[in-house]
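Engineer: To start, I am sharing the structure in question, which I have written as structure tokens.
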Amino acid sequence: MLVTRDMDIDKFRKKLTAYSNNQANETENALIEAWYNSYKDKEQQDLSETEKQRIRNAIYAKAKPPVIVKTAIFRLPVFRIAASLLLFAGLSFTFYRWRTLILGENQTVYNTIRTSTNGLKQINLPDSSVVWLNAASIIQVPAEFKGHLREIKLIEGEAFFDVKRDPQHPFVVHTGKLNVQVLGTSFNVRSYQKLNNIQVSVATGKVGVVKGGKCLAMLLPGRQLSYAIVTGQYRQQNVNANVAQSWKTGYTTLSQASFQELAVVINNIFGLSLKPGNSHVNSYLFSLRIQHNLPANQVLKVIGQIHNTHFRKEGKEVILY
């Protein structure tokens, strides 16, 4: 058939509409007449002119799609509106995800708590757990616990945790490269950056210490893990749990502590910077009990007696030699 061979139905309808409105050119008129004549067979040749016109009108009525055209014009804005709504919904979801991932919306909000020299703080957590924060420390605690984990961030310093037991929501302390995870127990974490090591000491219950998905230890009461930040090496040892947390009650007990550890304690309690006057002092180990409410000079004299050393003060700096 000429129409299906040389043009598609939509183009033919346009040409047929132009032909009926006397708006077709000579080529289009010839095409329509050829199409019409192609339907003349022997039976059609005997039809009257009135019957032929009726057939023409019937054919034209079949070919002309007024309802389809109106429907297409009516639906187009609907599709555009639907597309606009989908686009808006997509942009809204993208914007929501952007706020969630970039701005942290709907994420856990942490409050930062700091202590100064010789400053101790007791912090009551949303789950009724309690944290004691040692001097010169920084911790981040949530306004409320969300999700499966109860998470705390010890940024710097030392803290003792008395955790309310909740097996459904493990308690996790993030500090340095380590995560300390418990269900309900009490333990001490020391993570001063100047010491280049992290210590976890357990008073009650069981404590898991994890690094990068690897469990380094499951500590029981009276056990301590020391982790070297630079080398990644770690070791366990027995400790007196009361001694490890004695700073809460106003004194600090040192046992074979390095000069650097002693310097951190002196700075935390008295705000003094302890410096070695020679290489020998820097290699000494110190065992003593420091009472926090004593005058600094009295404590420094006791330190000097351990290795028969002297000290001199220069402002906030103390030279041990």
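The letter at position 222 of the sequence shown is residue 221 when you use numbering that gives the first Met the number 0, and the numbering goes up by one with no holes.
Here a beta-carbon is modelled for each residue, glycine too, at the ideal position from N, C-alpha and C.
Between the alpha carbons of Ser272 and Ile265, how many angstroms are there, rounded?
Structural biologist: Locating residue 272 in the sequence shown gives position 273, counting from the first residue. Locating residue 265 in the sequence shown gives position 266, counting from the first residue. In a straight line, the C-alpha of Ser272 is about 7 Å away from that of Ile265.
Engineer: Check whether the stretch 188 to 199 and the stretch 162 to 171 are in contact - that is, three or more C-beta pairs closer than 8 Å.
Structural biologist: Short answer: they don't touch.
Engineer: Run through the stretch 234 to 317 for me and flag every whole beta strand (DSSP E) of 3 or more residues, listed as ranges in chain order.
Structural biologist: For the stretch 234 to 317, whole beta strand (DSSP E) runs of length 3 or above, ordered along the chain, are 250 to 257, 272 to 275, 284 to 290 and 310 to 313.
Engineer: Assign Lys152 to one of three DSSP states: helix, strand, or coil.
Structural biologist: The residue given as residue 152 occupies position 153 in the sequence shown. Note: Lys152 maps to strand in three-state DSSP.
Engineer: So, using beta-carbon positions, are Asn187 and Phe144 closer together than 7 Å?
Structural biologist: Here residue 187 refers to the residue found at position 188 of the sequence shown. Here residue 144 refers to the residue found at position 145 of the sequence shown. Cβ distance not < 7 Å, so Asn187 and Phe144 don't count as in contact.
Engineer: Could you check where the beta strand (DSSP E) with Ala216 kicks off and where it finishes?
Structural biologist: The sequence position of residue 216 within the sequence shown is 217, counting from 1. Per DSSP, Ala216 belongs to the beta strand (DSSP E) from Lys213 to Leu218.
Engineer: Assuming contact is defined by CB atoms lying nearer than 7 Å, are Phe258 and Ala295 in contact in what I supplied?
Structural biologist: Numbered from 1 along the sequence shown, position 259 holds the residue referred to as residue 258. Numbered from 1 along the sequence shown, position 296 holds the residue referred to as residue 295. In this structure, Ala295 does not lie closer than 7 Å to Phe258 by Cβ.
Engineer: What distance in whole Å lies between the Cβ atoms of Val179 and Val208, which are believed to be in contact at a cut-off of 8 Å?
Structural biologist: As a first step, residue 208 must be located in the sequence shown, where it is residue number 209. As a first step, residue 179 must be located in the sequence shown, where it is residue number 180. Correct: roughly 6 Å between the Cβ atoms.
Engineer: May I ask you to report which of helix, strand or coil DSSP gives Lys176?
Structural biologist: Taking the sequence shown and counting its residues from 1, the one referred to as residue 176 is at position 177. Of the three classes helix, strand and coil, the one that applies to Lys176 here is coil, per DSSP.
Engineer: For Glu157, count the other beta carbons within 10 Å of its own beta carbon; 16 or more makes it buried, fewer makes it exposed. Which is it?
Structural biologist: Numbered from its first residue, the sequence shown carries residue 157 at position 158. So Glu157 ends up on the buried side.
Engineer: Here's a check: name, in chain order, each residue in its chain whose Cβ is nearer than 7 Å to the Cβ of Gln44, leaving out the five neighbours to either side.
Structural biologist: Taking the first residue of the sequence shown as 1, we reach residue 44 at position 45. The pLDDT assigned to Gln44 is 48, lower than 50, so where the model puts this residue is not dependable, and the model offers no usable value.
Engineer: Here's the rule I'm using: 16 or more other beta-carbon atoms within 10 Å means buried, otherwise exposed. How should Leu177 be labelled?
Structural biologist: By one-based count along the sequence shown, residue 177 stands at place 178. It counts as buried.
Engineer: Which term fits Glu150, buried or exposed, when burial requires 16 or more other beta carbons within 10 angstroms of its beta carbon?
Structural biologist: The sequence position of residue 150 within the sequence shown is 151, counting from 1. Glu150 comes out buried.
Engineer: Should Leu124 go down as buried or exposed, given a rule of 16 or more other Cβ atoms within 10 Å for buried?
Structural biologist: As a working mapping, residue 124 is identified with position 125 in the sequence shown. By the 10 Å Cβ count, Leu124 comes out buried.
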